[in-house]
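Participant: Dumping the structure here so I can ask a few things about it.
Numbering (this note's numbering), first residue to last: 2 to 80.
Structure representation (structure tokens):
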């Protein structure tokens, strides 16, 4: 996630610099495109965060179920 945010920040900065370097109608179009680009990056960051949370939840659930399974096996063997 940190690498994504760093890359997104760098790309956003480059897009802003490009938009600022253009004048007139080209500059307006570049500013509009930069706004859309920034919005898309924000949406991707949010989606990546959701995916990371789901992976973390799955890992926790899996680890918990494996712990229960190990306990069950141990109890069965102790009988």
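No residue lacks a Cβ here, since even glycine has one placed at the ideal position from N, Cα and C. Keep in mind the model is a prediction, meaning the values are calculated, not measured.
Look up residue 70 in the DSSP assignment and say whether it is helix, strand or coil.
Facilitator: Taking the chain shown and counting its residues from 1, the one referred to as residue 70 is at position 69. Residue state, collapsed to three classes: helix.
Participant: Should residue 92 be labelled buried (16 or more other beta-carbon atoms within 10 Å of its own) or exposed?
Facilitator: Nothing about residue 92 can be reported from this structure: the residues present for the chain run from 2 to 80 only.
Participant: Would DSSP call residue 23 helix, strand or coil?
Facilitator: Position 22 of the chain shown holds residue 23. Looking at residue 23 - three-state DSSP - the assignment turns out to be coil, as it is neither helix nor strand.
Participant: Please confirm if the stretch 40-58 is in contact with the stretch 4-11, defined as three or more CB-CB distances below 8 Å between the two stretches.
Facilitator: Yes: at least three Cβ pairs fall under 8 Å.
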